[in-house]
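Q: If you scroll down you'll find the structure; I have some questions about it.
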Ligand SMILES: Cc1cc2nc3c(=O)[nH]c(=O)nc-3n(C[C@H](O)[C@H](O)[C@H](O)COP(=O)(O)OP(=O)(O)OC[C@H]3O[C@@H](n4cnc5c(N)ncnc54)[C@H](O)[C@@H]3O)c2cc1C
Ligand code: SF4
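Residue numbers (our numbering), protein chains in the order written: chain Y, 166 to 585; chain B, 1386 to 1503.
As structure tokens, this is what we get:
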């Protein structure tokens, strides 16, 4: 058995930031395990720019953002293994992994950081009637084909779902000579950023059909067309609104799910709202000394937030190794209420907080000029005015410790209050 | 007086800008959350540009495509012309992040540079 103080599973931006921060906080014996042939995670295929505005105050492409962290990790002499897949983890923090080079390994860690990222929902996860011809891809798979392998998956494309990956792919395929006929979005609003609607769709006159979905995919061997219908408020197709578009490719951009097979096997409790582990203020999961950060905890739209959160996980993993994290003292749970779909962290131990508590949350619908109201049990302790709230834009709140440190309460509720 | 509605694409905030150009050529702006909103609006309404990100072919390497970007904005109407040029290029390692792949593309004064090490 090989021993390490901190083992990080996953070498994407989350894993890299966690490992670097653990080292900065005085831990030397660290290992990063990555199943791919290089570090950087999903960023290596996200060749567009727009990363790093918060962290570096400049606009970088995905590979450039990854490069900064990979370089730092290497310069700090942090050990990593590529082409190595973690197969299992248990409560004693024993990890089983396999690689072509080292074979089967059993590794014992004092602290573990989970940073396995997320995966895409695929055709199976949604239900489109019709045959199952080839030419249907998830947007991320198509992104990998085109940006890493140099292979354009089709010429006439319809995209289902208007999340950022779908929008980015609409532009990418257009630039490479494909014709993107439409983006259909079942919700009455786009899940992507405004800037991506402008620079990926409007710039190229690609129509976005809100409250529309694909109701049929036609074709025997390869897709030949799709039928698009408008949907009503309960997202049911409205008869008579159908129109057909001839195409050879359908891209699905219908959401991401945290990758938690390993976590579940280890017996880590999963929050049904985030589909990621329940975590505390230190990013610790329900197993002592197992931390988690990045898309494995909840799906982020900005890598900058992944970095911030992962630094916290790395720092606290180092503290855990040095026995500096306490389970004593006051604690409370967080609870999403009216209009809020989830909150991270789910549990807070007050004594582990230095000065501020970082909270990430998402709302259920679009609100203008609304308030986010924070209640300690029944008492309102803080209100934030928000010009614009949208499910596609994660909210980040930084609460000063003095706001709640002296209070005795069990639940911090956060809800949206709409303007009157 | 002239009014325009734009969405600023300079950062993920995506502010909705309301621009008024007065008779004597002054610019009034509302809705921006930082001062970069104004320079974006001025550029977008006079000479819009976009950063271009794409890939070029690679030979003699494990990697088959090198991600590249324009070092600055390229005039919007020249994007497809630039793509056609970039797609003719094949590179070989070693390449460092920031290396110039195409200099002064289409006389825009902008370089196409590598986005990673190879
Ligand atoms: C297709 C796609 C496109 C995206 N595009 C954008 C975008 O344009 N802009 C943006 O800001 N965000 C984008 N995101 C979100 C993006 O994933 C996050 O911003 C960020 O990359 C998350 O970092 P992470 O480290 O948590 O996950 P990842 O980057 O996914 O890294 C996780 C790493 O863990 C490794 N791993 C997983 N399981 C194991 C195992 N068992 N053993 C060993 N290694 C393992 C994976 O190989 C991977 O390298 C995209 C996500 C996806 C899925
Ligand atoms: S105005 Fe400033 S804050 Fe708003 S989108 Fe533009 S750059 Fe971002």
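Note that the Cβ used here is the ideal one computed from N, Cα and C, for glycine as well.
(1) If you check the beta carbons only, do residue 387 of chain Y and residue 294 of chain Y fall under 7 Å apart?
(2) So, under 8 Å CB-CB, residue 357 of chain Y and residue 217 of chain Y are touching, yes? Tell me the CB distance rounded to an integer number of Å.
(3) Beta carbon of residue 1421 of chain B: closer than 6 Å to some heavy atom of ligand 2?
(4) Got a sec: which bits of the stretch 1397 to 1429 of chain B sit with their beta carbon under 8 Å from any beta carbon on chain Y, in order along the chain?
(5) Taking 7 Å as the threshold (C-beta atoms), are residue 234 of chain Y and residue 196 of chain Y in contact?
(6) Could you give the distance in angstroms between the alpha-carbon of residue 1398 of chain B and the alpha-carbon of residue 359 of chain Y?
(7) So, helix, strand or coil for residue 478 of chain Y, using DSSP?
(8) Mark residue 251 of chain Y as exposed unless 16 or more other C-beta atoms lie within 10 angstroms of its C-beta, in which case mark it buried.
(9) Grab me the residues of residue 1392 of chain B's own chain with a C-beta within less than 8 Å of its C-beta, minus the 5 sequence neighbours each way, in chain order.
(10) For residue 1442 of chain B, go through chain Y and note every residue whose CB falls closer than 7 Å to its CB, in chain order.
(11) Alpha carbon to alpha carbon, how far is residue 516 of chain Y from residue 510 of chain Y?
(12) Between which two residues does the alpha helix (DSSP H) harbouring residue 1426 of chain B extend?
(13) Mind checking who residue 283 of chain Y pairs with in its DSSP beta bridge?
(14) With a threshold of 7 Å between beta carbons, is residue 232 of chain Y in contact with chain B?
(15) Taking a Cβ distance cut-off of 7 Å, strictly less, list which residues of the stretch 1436 to 1460 of chain B are near chain Y, in chain order.
(16) What residues of chain Y sit near residue 1392 of chain B, judged by a beta carbon separation below 8 Å?
(17) For chain B, check one thing: does any of its Cβ atoms lie closer than 7 Å to the Cβ of residue 550 of chain Y?
(18) Is any heavy atom in ligand 3 found nearer than 6 Å to the beta carbon of residue 348 of chain Y?
(19) Contact criterion: CB-CB distance below 7 Å. Does residue 1482 of chain B meet it with respect to chain Y?
(20) Taking any Cβ of chain Y, which residues in the stretch 1467 to 1494 of chain B have a Cβ under 7 Å from it, in chain order?
(21) Could you say which of Y:220, Y:353 and Y:189 lies nearest to residue 110 of chain Y if we only look at CA atoms?
(22) In terms of alpha-carbon separation, which member of Y:562, Y:455 and Y:265 lies closest to residue 523 of chain Y?
(23) Since residue 228 of chain Y meets chain B, which of its residues come closer than 7 Å, beta carbon to beta carbon?
(24) Expressed to the nearest angstrom, what Euclidean distance is found between the alpha-carbon atoms of residue 429 of chain Y and residue 198 of chain Y?
(25) Mind checking which residues open and close the beta strand (DSSP E) that includes residue 250 of chain Y?
(26) Taking C-beta pairs closer than 8 Å, name the residues in chain B that residue 215 of chain Y reaches, listed in chain order.
(27) Less than 7 Å between the beta carbons of residue 304 of chain Y and residue 399 of chain Y, yes or no?
(28) What do you get for residue 1419 of chain B, buried or exposed, if any count of 16 or more other CB atoms within 10 angstroms of its CB means buried?
(29) Can you give the beta carbon distance from residue 276 of chain Y to residue 486 of chain Y, rounded, assuming they're within the 8 Å contact cut?
(30) Quickly, what does DSSP pair residue 307 of chain Y with across the bridge? List them, please.
(31) By Cβ distance, which residues of its chain are closer than 8 Å to residue 575 of chain Y, with the 5 residues on each side in sequence left out?
(32) How many angstroms separate the CA atom of residue 219 of chain Y from the CA atom of residue 469 of chain Y?
(33) Quick check: what's the CA-CA separation for residue 1404 of chain B versus residue 1411 of chain B?
(34) Between the beta-carbon of residue 457 of chain Y and the beta-carbon of residue 254 of chain Y, is there less than 7 Å?
(35) Within 10 angstroms of its Cβ, does residue 447 of chain Y collect 16 or more other Cβ (buried), or is it exposed?
(36) Please indicate yes or no: does the CB of residue 1417 of chain B lie closer than 6 Å to some heavy atom of ligand 2?
A: Inspection of the coordinates gives the following:
(1) Annotated as distal: residue 387 of chain Y and residue 294 of chain Y, with beta-carbon spacing of 7 Å or more.
(2) About 19 Å separates the two Cβ atoms, so there is no contact after all.
(3) Residue 1421 of chain B Cβ: within cutoff of ligand 2.
(4) Residues passing the 8 Å Cβ filter: 1397, 1399 and 1401.
(5) No, these two residues do not count as a Cβ contact at 7 Å.
(6) Taking the straight line joining both Cα atoms gives about 8 Å.
(7) Three-state DSSP puts residue 478 of chain Y in a helix.
(8) Answer is buried; the Cβ neighbour count reaches 16.
(9) Leaving aside the five residues that flank residue 1392 of chain B on each side, the residues in its chain whose CB is nearer than 8 Å to its CB run, in chain order, 1399, 1400, 1401 and 1402.
(10) Residues of chain Y whose Cβ lies closer than 7 Å to the Cβ of residue 1442 of chain B are, in chain order, 315.
(11) Rounded to whole angstroms, residue 516 of chain Y to residue 510 of chain Y spans 15 Å at the Cα level.
(12) It spans 1421 to 1431 - the alpha helix (DSSP H) in which residue 1426 of chain B sits, taken as one unbroken run.
(13) Partner(s): Y:423.
(14) Taking Cβ atoms only, chain B reaches closer than 7 Å to residue 232 of chain Y, which makes this a yes.
(15) Contacts with chain Y (Cβ-Cβ distance below 7 Å) from the stretch 1436 to 1460 of chain B involve 1436, 1438, 1439, 1440, 1442, 1449, 1450, 1452 and 1454, listed in chain order.
(16) Simply 359, 360, 362 and 363.
(17) Answer no: the Cβ-Cβ gap between residue 550 of chain Y and chain B never drops below 7 Å.
(18) Ligand 3 is not part of this structure, which contains only ligand 1 and ligand 2.
(19) Chain Y, which has a Cβ nearer than 7 Å to the Cβ of residue 1482 of chain B, makes this yes.
(20) So the close ones are 1468 and 1482.
(21) Chain Y is shown only over 166 to 585; residue 110 of chain Y falls outside these bounds and no answer can be derived.
(22) Checking every option, the nearest Cα to that of residue 523 of chain Y belongs to Y:562.
(23) Per Cβ cutoff of 7 Å: 1452, 1500 and 1501.
(24) Answer to the nearest angstrom: the Cα atoms are 19 Å apart.
(25) Per DSSP, residue 250 of chain Y belongs to the beta strand (DSSP E) from 249 to 254.
(26) Correct list: 1397.
(27) Taking a C-beta distance under 7 Å as the contact criterion, residue 304 of chain Y and residue 399 of chain Y do not qualify as a contact pair.
(28) Classification for residue 1419 of chain B: exposed.
(29) Between residue 486 of chain Y and residue 276 of chain Y the Cβ distance is about 5 Å, and since that is below 8 Å, they are a contact.
(30) Answer by DSSP bridge pairing: none, since residue 307 of chain Y is not bridged.
(31) Short of 8 Å from the beta carbon of residue 575 of chain Y, and not among the five residues preceding or following it, lie these beta carbons of its own chain, in chain order: 497, 498 and 542.
(32) CA-CA distance, residue 219 of chain Y to residue 469 of chain Y, rounds to 6 Å.
(33) In a straight line, the C-alpha of residue 1404 of chain B is about 10 Å away from that of residue 1411 of chain B.
(34) Between residue 457 of chain Y and residue 254 of chain Y, the C-beta gap is not smaller than 7 Å, which leaves the two residues out of contact.
(35) For residue 447 of chain Y, the number of other beta carbons within 10 angstroms of its own is at least 16, and it is reported as buried.
(36) Remark: the C-beta of residue 1417 of chain B is in contact range of ligand 2, defined as less than 6 Å to any heavy atom.
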